[in-house]
Amino acid sequence: MDYALQQVLNALAFGAEYSLVALGLAVVFSIMGLVNFAHGEIIGVSAYSVFLAAALGLTSPIVAVLLAIAAAALAAIAFERVAFRPVRYAPTTTGLLTAFGVSIVVQNLFMLLISPKPQSVSILNGLNQMWFFGPFAVSSLQVMELIVSGLTILALVLFLNRSTLGLAIRAASRDFATVRLMGIRANRVIATAFAISGALAGIAAVFIMARRGSVSPDLGFSLVLKAFVACVIGGFGSLPGAAVGGMLLGFIEVGLLVALPQEYGGFKDALTYAIIVALLVYRPEGLLGQRVELGDKEI
Amino acid sequence: MLKVENLSVRYGAVAAVRDLSLSVGQGELVALLGPNGAGKSSTINALTGLVAPSAGRIVLDGQDISRVRTEDRIRAGLTSTPEGRHIFANLTVGENLRLGAATRRDPKGVRQDMERFLALFPVLSERYAQAAGTLSGGEQQMLAIARSLMSRPKLLLLDEPSLGLAPKIVVRIFDFIGQLKAEGLTLLVVEQNARQALRFADRVYVMSSGALRFDGPPSGLADEHGLLNLYIGG
Numbered sequence: 001m002d003y004a005l006q007q008v009l010n011a012l013a014f015g016a017e018y019s020l021v022a023l024g025l026a027v028v029f030s031i032m033g034l035v036n037f038a039h040g041e042i043i044g045v046s047a048y049s050v051f052l053a054a055a056l057g058l059t060s061p062i063v064a065v066l067l068a069i070a071a072a073a074l075a076a077i078a079f080e081r082v083a084f085r086p087v088r089y090a091p092t093t094t095g096l097l098t099a100f101g102v103s104i105v106v107q108n109l110f111m112l113l114i115s116p117k118p119q120s121v122s123i124l125n126g127l128n129q130m131w132f133f134g135p136f137a138v139s140s141l142q143v144m145e146l147i148v149s150g151l152t153i154l155a156l157v158l159f160l161n162r163s164t165l166g167l168a169i170r171a172a173s174r175d176f177a178t179v180r181l182m183g184i185r186a187n188r189v190i191a192t193a194f195a196i197s198g199a200l201a202g203i204a205a206v207f208i209m210a211r212r213g214s215v216s217p218d219l220g221f222s223l224v225l226k227a228f229v230a231c232v233i234g235g236f237g238s239l240p241g242a243a244v245g246g247m248l249l250g251f252i253e254v255g256l257l258v259a260l261p262q263e264y265g266g267f268k269d270a271l272t273y274a275i276i277v278a279l280l281v282y283r284p285e286g287l288l289g290q291r292v293e294l295g296d297k298e299i
Numbered sequence: 300m301l302k303v304e305n306l307s308v309r310y311g312a313v314a315a316v317r318d319l320s321l322s323v324g325q326g327e328l329v330a331l332l333g334p335n336g337a338g339k340s341s342t343i344n345a346l347t348g349l350v351a352p353s354a355g356r357i358v359l360d361g362q363d364i365s366r367v368r369t370e371d372r373i374r375a376g377l378t379s380t381p382e383g384r385h386i387f388a389n390l391t392v393g394e395n396l397r398l399g400a401a402t403r404r405d406p407k408g409v410r411q412d413m414e415r416f417l418a419l420f421p422v423l424s425e426r427y428a429q430a431a432g433t434l435s436g437g438e439q440q441m442l443a444i445a446r447s448l449m450s451r452p453k454l455l456l457l458d459e460p461s462l463g464l465a466p467k468i469v470v471r472i473f474d475f476i477g478q479l480k481a482e483g484l485t486l487l488v489v490e491q492n493a494r495q496a497l498r499f500a501d502r503v504y505v506m507s508s509g510a511l512r513f514d515g516p517p518s519g520l521a522d523e524h525g526l527l528n529l530y531i532g533g
């Protein structure tokens with residue numbers, strides 16, 4: 001029972017983290033058609049900001065969390081302003097290649113200016129403790145990941161459904177030109193989407209640092225790959241799809257880890273992707289994605 | 300109110316609009332007619348700024364807006380209801396209307412306008428919380444026009460309001476357009492359906508192959524031998 005509970009919590013925590021990062025990718029993709037592979041470097045900027053602040057004498061974990069989120073949001077806005085805005089109306093491959101370029105440049109900046117080796121960050125270690133509920137021992141970090149992700153998604157849903165800017169983002173995901181015809185500034189809608197995407201990445205960065213206790217130049221890379229997969233499962237560009245896809249990926253991974261005998265543990269990733277391929281054969285547009293209708297007259 | 304001088308729009312080597320000049324006066328309803336592919340929608344898109352003209356000037360209320368961004372043209376009081384309606388299908392009827400008023404900072408006035416349009420189109424009121432994509436074509440057109448009006452424009456551009464709608468619905472849409480004119484709104488209506496467009500028009504322009512072929516009162520259009528049939532097909 002204890003073991004089963006622990007594994008469910010594991011799956012929920014992994015899933016929550018994938019969902020956060022996947023939502024960040026999806027909110028940008030849904031309105032711009034841009035697969036932002038530099039999303040991992042937003043997580044990186046966030047983590048290195050905390051590392052530098054700690055090195056300069058910051059000791060408050062609360063300030064560190066706020067700094068991580070703010071730095072990530074600002075980094076996302078800066079990436080958009082400097083790198084993505086000039087190629088906004090270019091073909092999607094140009095945007096994709098730009099994102100790879102940003103990713104490589106920023107990773108190398110981390111290596112050149114700080115160090116290619118992992119650097120220790122202990123300021124957030126306090127988040128990672130064991131909590132005891134009667135006979136059960138659970139990781140505080142996992143519980144927090146689940147609760148914070150849930151609250152964040154709730155806040156995002158409220159924002160997208162209640163505020164004018166949120167409505168504009170949802171509308172822009174289908175028809176950007178008409179959103180501009182409402183007098184809503186395209187730059188503002190896009191900057192907001194990037195800021196949201198960055199803030200979500202910053203929250204993920206906090207959890208990564210608390211778990212690993214260190215930062216490295218490729219910190220966000222593997223997580224963004226997973227988030228990309230989560231988006232594909234859920235249907236690229238669909239926000240509910242990203243959240244569901246992330247959670248499902250967490251459960252598939254942990255489920256395989258539990259189900260596979262130890263000596264076959266190395267097949268976990270291969271089997272994960274086999275399951276996803278099978279899923280996509282039946283639903284090529286993803287679980288909650290929509291088939292794109294081609295041939296409509298653009299205005 | 301609106302003055303267009305020598306406007307040209309090109310898509311690569313193709314000239315969609317050539318050397319077009321037209322004007323719309325305060326309180327006028329001007330119809331811009333022409334067959335499919337005449338360059339009517341390109342003209343509208345150049346007026347709203349969604350397409351960059353290759354030459355020409357667009358003057359709104361004495362100000363040259365040729366280089367002004369779409370968003371700021373809307374804020375200056377020029378609004379367009381695009382061809383094919385382009386309502387936000389994934390948003391509710393109410394959310395569509397709210398976005399129409401996105402540039403306004405008077406919540407009270409916005410609420411009054413909202414109530415006015417919901418009273419005017421009871422079907423929008425019934426479906427207020429429903430996804431706008433579930434509306435019928437005619438209902439979507441009414442929503443699209445109401446959404447444009449939510450910004451309280453000085454000048455409304457209507458691009459093919461009759462497109463794809465049943466004749467009975469088209470008559471109702473144009474009844475409403477006539478009502479808007481009576482209330483003092485300035486309108487430029489682009490149409491293929493000449494009969495309906497001419498019901499309330501003060502002046503008419505006819506385009507074909509990107510250039511202006513006729514400019515005058517609706518009565519003049521009937522006088523021109525066969526012009527209506529030639530360019531518009533009745």
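Residue numbers (this note's numbering), protein chains in the order written: chain X, 1 to 299; chain U, 300 to 533.
Positions of the beta carbon are idealized from the N, C-alpha and C atoms, including for glycine.
In the DSSP assignment, find the beta strand (DSSP E) that holds residue i and state where it starts and stops.
i	result
U:Asp318	Val313 to Val323
U:Val505	Arg502 to Ser507
U:Asp458	Leu454 to Asp458
Tell me whether residue i sits in a helix, a strand or coil according to DSSP, three-state version.
i	result
U:Pro516	coil
X:Ala4	helix
X:Gln129	coil
U:Val489	strand
U:Asn305	strand
U:Gly355	strand
U:Lys474	The question names Lys, but residue 474 of chain U in the sequence shown is Asp. Three-state DSSP puts U:Asp474 in a helix.
X:Thr94	helix
X:Leu20	helix
U:Gln411	helix
X:Lys297	Interpretation of X:Lys297 is limited by its pLDDT of 46, a score under 50 that renders its predicted location unreliable; the figure taken from the coordinates is listed afterwards. X:Lys297 falls in the coil class under three-state DSSP.
X:Gln119	strand
X:Ala13	helix
U:Ser447	helix
U:Pro341	Here residue 341 of chain U turns out to be Ser, not Pro, going by the sequence shown. Helix, per DSSP.
U:Val367	coil
X:Leu58	coil
U:Val329	strand
U:Ala375	coil
U:Gly533	Reliability of the predicted coordinates at U:Gly533 is poor, the pLDDT of 43 falling under 50, and no value is obtained from them.
X:Val35	coil
By how many angstroms is the C-alpha of residue j removed from the C-alpha of residue i?
i	j	result
U:Ala445	U:Ile373	15 angstroms
X:Glu298	X:Ala243	Only weak support is given to the placement of X:Glu298: the predicted model assigns it a pLDDT of 47, under 50, and the question is left unresolved by the model.
U:Phe473	X:Tyr18	52 angstroms
U:Thr347	X:Leu12	48 angstroms
X:Ile42	X:Val224	10 angstroms
X:Ala90	U:Glu490	32 angstroms
U:Gly483	U:Leu457	16 angstroms
X:Leu320	X:Val277	Since the first and last residues shown for chain X are 1 and 299, residue 320 of chain X lies out of range.
X:Leu56	U:Gly311	56 angstroms
X:Phe14	X:Ile184	37 angstroms
U:Val470	U:Gly436	14 angstroms
X:Pro217	X:Lys117	8 angstroms
U:Arg498	X:Val281	55 angstroms
U:Val308	X:Gly150	50 angstroms
X:Ala210	X:Ile69	14 angstroms
U:Gly519	U:Arg494	14 angstroms
X:Gly126	X:Gly44	21 angstroms
X:Phe228	U:Gly361	51 angstroms
List the whole-angstrom C-beta distance separating residue i from residue j, where the pair is believed to meet the contact cut-off of C-beta under 8 angstroms.
i	j	result
X:Ala22	X:Ser238	Wrong, their Cβ atoms sit about 10 angstroms apart, outside the cutoff.
U:Met441	U:Gly399	Actually they are not in contact, since the Cβ atoms of U:Met441 and U:Gly399 sit about 13 angstroms apart, beyond 8 angstroms.
U:Pro517	U:Val505	U:Pro517 to U:Val505, Cβ: 11 angstroms. No contact.
X:Val300	X:Leu20	Residue 300 of chain X falls outside the range modelled here, since chain X spans only 1 to 299, and no answer is possible.
X:Phe37	X:Phe236	About 13 angstroms; that fails the 8 angstroms criterion.
U:Glu370	X:Ala186	7 angstroms
U:Pro452	U:Thr342	That pair is no contact at about 18 angstroms.
X:Ala73	X:Val50	That pair is no contact at about 14 angstroms.
U:Leu390	X:Leu167	6 angstroms
X:Ile123	X:Pro61	6 angstroms
Kindly indicate the opening and closing residues of the alpha helix (DSSP H) around residue i.
i	result
U:Val392	Val392 to Gly399
X:Val138	Premise fails: X:Val138 lies in the beta strand (DSSP E), Phe136 to Ser139, not in any alpha helix (DSSP H).
X:Phe221	Phe221 to Gly234
Could you check whether the stretch 72-84 of chain X touches the stretch 192-204 of chain X, counting it as contact only if at least three pairs of C-beta atoms, one from each stretch, sit closer than 8 angstroms? yes
Inter-stretch contact (C-beta, 8 angstroms, three-pair minimum) for the stretch 349-366 of chain U and the stretch 422-433 of chain U: no
Quick check: the stretch 470-489 of chain U against the stretch 324-344 of chain U, are there 3 or more CB pairs under 8 angstroms? yes
Does the pairing of the stretch 203-222 of chain X with the stretch 84-96 of chain X give three or more beta-carbon distances under 8 angstroms? no
At least three beta-carbon pairs within less than 8 angstroms, the stretch 175-190 of chain X to the stretch 388-402 of chain U: yes
Across the stretch 268-288 of chain X and the stretch 250-260 of chain X, are there enough close Cβ pairs to call them in contact, namely three or more that are closer than 8 angstroms? yes
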